[in-house]
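Encoded as C-alpha cells, the structure appears first; notes follow it.
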Amino acid sequence: MSNNGKTINQVQDQIIDEFSLFDDWMDKYDHLIEEGKDLQLLDENEKKQDFLIEGCQSRVWLKPDFDGEKIYFKADSDAIITKGIVALLIKVLSGRTPSEILETDLYFIEKVGLSQNLSPTRSNGLLAMVKQMKLYAMAYKAKQKG
Amino acid sequence: MSNNGKTINQVQDQIIDEFSLFDDWMDKYDHLIEEGKDLQLLDENEKKQDFLIEGCQSRVWLKPDFDGEKIYFKADSDAIITKGIVALLIKVLSGRTPSEILETDLYFIEKVGLSQNLSPTRSNGLLAMVKQMKLYAMAYKAKQKG
Amino acid sequence: MFDINKIRSDFPVLAREVYGKPLVYFDNGATTQKPARVIDAVREAYDSYYSNIHRGVHALSDISSGKYENAREKVRAFINAESKKEIIFTAGTTASINLVAFSFGERYIKKGDEVLITALEHHANIVPWQMMCERKGAVLKVIPINDDGSLNLEKVNELITGKTKILAVTHVSNAIGVINPVKEIIEAAHKHNIPVLVDGAQGIQHGHVDVMDLEADFYVFSGHKVYGPTGIGVLYGKRKWLEDMPPYQGGGDMVDRVSFEKTTYNELPFKFEAGTTNFVGAIGMAEALDYIGSIGMDNISKHENELKHYAKERLEQLGGLTFYGTTANTISILSFLVDNIHQYDAGMILDKMGVAIRTGSHCAQPVMSRFGIDGTIRASMCFYNTKEEIDILCEGIEKVKMMML
Amino acid sequence: MFDINKIRSDFPVLAREVYGKPLVYFDNGATTQKPARVIDAVREAYDSYYSNIHRGVHALSDISSGKYENAREKVRAFINAESKKEIIFTAGTTASINLVAFSFGERYIKKGDEVLITALEHHANIVPWQMMCERKGAVLKVIPINDDGSLNLEKVNELITGKTKILAVTHVSNAIGVINPVKEIIEAAHKHNIPVLVDGAQGIQHGHVDVMDLEADFYVFSGHKVYGPTGIGVLYGKRKWLEDMPPYQGGGDMVDRVSFEKTTYNELPFKFEAGTTNFVGAIGMAEALDYIGSIGMDNISKHENELKHYAKERLEQLGGLTFYGTTANTISILSFLVDNIHQYDAGMILDKMGVAIRTGSHCAQPVMSRFGIDGTIRASMCFYNTKEEIDILCEGIEKVKMMML
Ligand SMILES: Cc1ncc(COP(=O)(O)O)c(C=O)c1O
Ligand SMILES: Cc1ncc(COP(=O)(O)O)c(C=O)c1O
C-alpha cells in the first residue's frame, strides 16, 4: 500500500479527521469496515501459521516484505472489524523504514477511540499487531546494519 | 466432687444465680477463678497425654472415674480461667450416671455468658471439654450394658 | 411472588448505562452481578467487626469466626451436605478442582491408571487432570458428545475400565448450556466403585442441588457465579474421601502440631484450608445463598426457563443463526453463530448497543473443536433478565447482519 | 503531616466499642483494619462496573480488566519490580508460598537435594517446604536463632551445601517481630547461586520494600495484612524463574490452547493465574497501597517505631514480664509473657477491657519450642495505634496481675 508521499503523522492526522466526522459508534464501525475492504489481502496460501498473530479472539495474519529500505505489510483477518483495525495500522506504517516504524507514536489509536482495544487484556489483538510490526522492524533494522 | 443430692438442673440454676450477682465481666471472671480454686485437682502423675483435651489454647486434663453407676471427674488446667470453666462443668456433671450426662442440656453456659466460648473456633476448648465428658459417658454406658 | 422490577432494583449494576444505552447484561455465565445485600454484607464485615478468625481470644475475632462458621453451615444446608466438615472454602471452582486432582491423585493414582472426563468440560475441569495424569503417568479418557451437545452416555460403560479411578463431569456446560444427567452418571460410576467429581460452577445457581441425593463424591462451585463475591468457592467432599486424602496446601490453621521433624494435620474442614481464608468472601457468599433462598430456586428456574424459550424462539425467527447445544435439556444459556459473521464482529457491535454477551471459546476449546468452530456468541441469562432485554439482543443481531452481510 | 486523628477516622472499625469500652486493636499482625477508601473501592467494583475480566469483548469487562491490570501495575511500582509480568495475584501469602514450593520443586528438586529455611518461620513458610521435600525425597534444613531472637547467621554458610537448591526466609517474624537482614542473606545465598524466597507477610506493611534492590528471587505477601481485602495476595518472582517453572494450578486463562492431546500455557503473569482471580480483591489491595503511599512509608515507620519504644518502656516498668525477640532490630510487635500467668488468662481479661491482642503460638510453634514456651501474648501495633492505647494495655496487664497472682 502506498502512502502517497505523506509522512506518518500526516496519515495519522488524516485518519483522525475522517473519524471525527462520526459521533455514533455504529458509524465509526461502518467506516472501519470500509477501511478493511481497501486492505490488500493475503493470498490464501500466504495465510500461514508463521504470519498468524497470537492472542487475538479473531485470527490475524500479517506478512512483511522488506525491500532493503522500507517494509511493506499485507494482512488479513477472519473478522471484519479486526481487518479494519489492521488496515489502519498498515495505512500508517506500511512503506516506512524500520527506524520510522520503531520511533512512531501511534497517537491516532487513542484519538479515534480505539484505545480501549489497546488494553493488554483485550483479545482483539490491536496491541499484539502493533507489537508484531515493531518486532519485524527491529529484525529488519538489525539486518540492515548486519 | 459431691453434688449434695441436687439434680443437675438444680446445680445449673444455682450457678446461674451466683453469676447473676455480677454485672461486670471482671467480677464474673473473679468468680470463675474462685470456682477453679475449689476444683479437686489431678496429681501431677495423673496429668498424662491420655487425659489431655485437644484443641485448647490452654492445656486441660480431664480424668473420669466410673464406679459402675456414676462418673466422677477430676481435672486441671494450666490456665486459671480454663480451670474455672472446667470446675463449673464438673460441678454440674460429676457424680452423675452416664445417661444423665448424655441427656443433659447445659443451659447454664449461655445463661452465665460463657456461650461465646462455645463456638467451635474458640480455642479455650469449652466445647472440647463438653464433648469429652459426653464421650466418656457414652463409653461407660456401653460398658454398663455390655 | 416473583416481582422482576423489585428483583432488578436489588442489583445496583443493572441500573447503569453503557455508551448511553441501558446495560443488557447477558454475561452471567462468566460471572453474576451482586445484590445490594451481598455488597452490604461485605462492607459490614470490613467496617464493623473485621478481625482474623480462629485462634483469636478477643471479641472481634469471635464475631468474625462465628460469621465464617455460620457461612459454612449455610453452604452445607444449601447443598444438603451431611456435615459442615465436608464443606471446604477455597478460592473458587478452579482451586477446588485443582485441590481434588492433586490430593486425590497423590493418594490413589498410580502409573497406568485412568481418569475419565467428558468432552463438555471447561478448561478448569480438564487441565488439572491433565497435569496430574502427566505427573503420575496416568491416562486421561474422554466421554464424547453427540451432535445436539448431549453426552454420549452409551460410551460411559465402554470407557470405564478396571483402571478408572475417578470420573469428573460438569453439571452444566458453560459453553453450550447442556445439563448433564449427573445423577445417572454417578450411579453408573458407583457400580464400579468409581467416585465422581461434579463441576457445579454452572449448576448451583440454576436449580436445586442436593449432594446427598446425587450421591456426588465431590461437588464444586464458585461464589462469584452464584451472586457472591470474587475469590471464594466451595469444595464439597464426602467425608470418607476428605479424611483419607492428604492435604493440598500447607500453612496456618491446617496444622495441628508443627515441628521440623514432624507435622501433624488439623481435622476437617481445616485440614484443607491453609492460611487466612477469604472469610469475608465466605460471609458474602452465604448472604448470596440466603438471597437466592428468599427468591426461591423454583421461581428462579421457572423465570429462567421462560427466558430461554422466548430467546430461542425470537432468535430463530431472525433466521441465519446456527445454534450449539440443541438438546432440550439446557439452562438459560444460548450459544450460537450468525452465519457468515465472525462472533467477534457481532460481539463488538452488540457491545456498542449496550448488550454484554461473551464471544470466543468460553474456556472450553475442546467443545468448539468438536463442532469445528473457533467460538460462539453466548448469551447467558439469569433470573434478573427480561424479555425486553432479549428483544434488544435481537435488534442487535439484526443490526450486526445489516452491517456485516 | 502525620495526623493521627485524621488517620484513625479513615478506619471505620477503630471507632467501635467492645463490651462498652473503646476498641484497642493490637492484633495487626493477624490482620489489619481497612480504610474507608478500600472498602469503598470494593463496593464500587461491585455496584458500578462489575464484570468478569479478560477475554470479554464488552464495556464492563473492559473496565474491570483495566482496573485489574492497573492494580497489577500499582503492586509492581510499590515493590519496584522490573515488570508487570513478575507480579502474580494469588489468594494470599500461603497460596504464594505453596505455588513456589510446588512449581520450583517440580522443576528443580531431586532426591537428596536440600531446602534451607529458618527457625523463625511462620507455618506457611515451613509446611509447604516439608510437604514438597517429602514428595521429592529432599531434606529440610533450618538456620537456628539466637537467644535474642535474631538469626544465627554464622550458621548460614555452614548449612549451605552443594545440594542446597533454595532458601526461604521471612522478612519479619510474625511471632516475635524480629527483622531479618534479608539483603545480606540473599547476597550470601547468591554467592552459591541459590535463589531466595522472602516471606514478606509482615514486612510489606512496615517499611519500604524494593525487590530489585534486595535482589529477591521471590517476595510474597497478603493483601489483608497490608490494609487490603481478604482472599488476595501477591507472588513476585524474577522472570527467569517464573518463565522456567511449570504452572501450579490448571484452568481458565492460564492456558493458550487446550486439546485433550496437548495443552500449551499462556504467557506470564497469566500462566500462574488459573481461573477467575479475585480481581475485586486485587483492586481493593491496590487502593490500600495507594492509601499507604499517601501517608508515606517513612511516616508510618517513624510512628510505629515510636510506639514500639514507648510500649516496651511502659511494659518494662510494670515488671514481672519476660520478652521474646529482644534484639534491637524489630518492628512494632511485642511478644511477651507475664511471669506465672498463662497467656490465655491474660488474653481473656484484656479482651474484656477492650484490648484485642493475640495469644498462643502465632502459627510459629517452632519459635515457641526454641524458647521452651507454649505461646506468648503478642501486641502487634501499626500506624493507626496510639500511646494512649498502649497505656490501656498496661492498665490491662496490671489488672491481670491483680486478678491472677
Ligand atoms: C510471617 C507470615 N508468613 C505467612 C503468613 C500467612 O499469611 P496468610 O494467612 O495471609 O496466607 C503470615 C500470617 O499470619 C505471617 O505472619
Ligand atoms: C463449568 C465451569 N467450570 C469451571 C469454571 C471455573 O470457575 P472459576 O473461574 O470461578 O474458578 C467455570 C467458570 O468459567 C465454569 O463455567
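Protein chains in written order, with the numbering used here: chain L, 99 to 244; chain W, 99 to 244; chain H, 2 to 406; chain R, 2 to 406.
Don't be surprised by glycine CBs; every beta carbon is placed ideally from N, CA and C.
Where does residue i fall in DSSP's three states?
i: residue 259 of chain L; result: Coverage of chain L is limited to positions 99 through 244, which leaves residue 259 of chain L absent and any answer about it impossible.
i: residue 16 of chain H; result: helix
i: residue 150 of chain H; result: coil
i: residue 99 of chain W; result: Reliability of the predicted coordinates at residue 99 of chain W is poor, the pLDDT of 47 falling under 50, and no value is obtained from them.
i: residue 94 of chain L; result: Because residue 94 of chain L is not part of the residues shown, which for chain L are 99 to 244, the question remains open.
i: residue 228 of chain H; result: coil
i: residue 28 of chain H; result: strand
i: residue 295 of chain H; result: helix
i: residue 157 of chain L; result: coil
i: residue 169 of chain H; result: strand
i: residue 3 of chain R; result: coil
i: residue 100 of chain R; result: helix
i: residue 115 of chain H; result: strand
i: residue 118 of chain L; result: helix
i: residue 331 of chain H; result: strand
i: residue 281 of chain H; result: helix
i: residue 357 of chain H; result: strand
i: residue 326 of chain H; result: coil
i: residue 142 of chain R; result: strand
i: residue 399 of chain H; result: helix
i: residue 222 of chain R; result: strand
i: residue 36 of chain H; result: coil
i: residue 273 of chain R; result: helix
i: residue 248 of chain R; result: coil
i: residue 11 of chain R; result: coil
i: residue 234 of chain H; result: strand
Residues of chain H with CB under 7 angstroms from residue i, in chain order?
i: residue 233 of chain R; result: 232
i: residue 159 of chain L; result: What residue 159 of chain L touches in chain H: nothing, since even the nearest Cβ is about 14 angstroms away.
i: residue 156 of chain L; result: 343 and 345
i: residue 177 of chain L; result: 343, 345 and 346
Starting from the beta carbon of residue i, find every residue of chain W whose beta carbon is closer than 9 angstroms, and list them in chain order.
i: residue 20 of chain R; result: 123
i: residue 358 of chain R; result: Those do not exist, as residue 358 of chain R stays about 13 angstroms from chain W at its closest Cβ, beyond 9 angstroms.
Just the chain R side, please: which residues come within less than 9 angstroms of residue i by C-beta, in chain order?
i: residue 131 of chain W; result: 346, 404 and 405
i: residue 72 of chain H; result: Within chain R, no residue comes near residue 72 of chain H; the closest Cβ sits about 13 angstroms away, beyond 9 angstroms.
Closer than 9 angstroms by beta-carbon distance: list the chain H residues that pair up with residue i, in chain order.
i: residue 205 of chain L; result: Under the 9 angstroms cutoff, chain H gives no residues; its nearest Cβ is about 22 angstroms from residue 205 of chain L.
Residues of chain H with CB under 8 angstroms from residue i, in chain order?
i: residue 105 of chain L; result: Residues of chain H passing the Cβ test: none, with the nearest at roughly 31 angstroms.
i: residue 166 of chain R; result: Within chain H, no residue comes near residue 166 of chain R; the closest Cβ sits about 18 angstroms away, beyond 8 angstroms.
i: residue 202 of chain L; result: What residue 202 of chain L touches in chain H: nothing, since even the nearest Cβ is about 26 angstroms away.
i: residue 48 of chain R; result: 13, 14, 35, 37 and 40
Report the neighbours of residue i on chain R: residues whose CB is nearer than 8 angstroms to its CB, in chain order.
i: residue 258 of chain H; result: 366
Taking only runs that begin and end inside the stretch 360–389 of chain H, name each unbroken beta strand (DSSP E) of 3 or more residues, in chain order. 377–381
If we count Cβ pairs, one from each stretch, closer than 8 angstroms, do we get three or more for the stretch 227–241 of chain R versus the stretch 94–110 of chain H? Cβ pair count under 8 angstroms is below three, so no.
For the structure I just gave you, are there three or more beta carbon pairs, one from the stretch 179–196 of chain W and one from the stretch 113–132 of chain W, closer than 8 angstroms? yes
Sufficient close CB pairs (3 or more, under 8 angstroms) joining the stretch 125–136 of chain R to the stretch 154–163 of chain R: no
Is there contact between the stretch 269–280 of chain H and the stretch 244–260 of chain H, where contact requires at least three CB pairs shorter than 8 angstroms? yes
Report yes or no: do the stretch 277–286 of chain R and the stretch 53–69 of chain R share at least 3 C-beta pairs separated by less than 8 angstroms? yes
Check whether the stretch 198–211 of chain H and the stretch 295–310 of chain H touch, using three or more Cβ-Cβ pairs below 8 angstroms as the test. Taking a cut-off of 8 angstroms for Cβ pairs, the stretch 198–211 of chain H and the stretch 295–310 of chain H touch, as three or more such pairs fall below it.
Under 7 angstroms, CB to nearest heavy atom of ligand 1: contacting residues: Those residues, listed in chain order, are H/252, H/253, H/276, H/277, R/30, R/31, R/93, R/94, R/95, R/96, R/123, R/125, R/126, R/171, R/173, R/174, R/175, R/200, R/202, R/203, R/223, R/225, R/226, R/234 and R/364.
I want to know whether the stretch 350–359 of chain H touches the stretch 9–21 of chain R - three or more CB-CB distances under 8 angstroms. No: the two stretches stay apart, fewer than three of their Cβ pairs being nearer than 8 angstroms.
Would the stretch 326–334 of chain R and the stretch 164–178 of chain R be scored as touching if the rule is three or more Cβ pairs under 8 angstroms? yes
Under 8 angstroms: do the stretch 385–396 of chain H and the stretch 47–62 of chain H share three or more Cβ pairs, one atom per stretch? no
Kindly confirm or deny that the stretch 148–157 of chain H and the stretch 178–193 of chain H touch, where touching means at least three C-beta pairs closer than 8 angstroms. Result yes; three or more Cβ-Cβ pairs closer than 8 angstroms.
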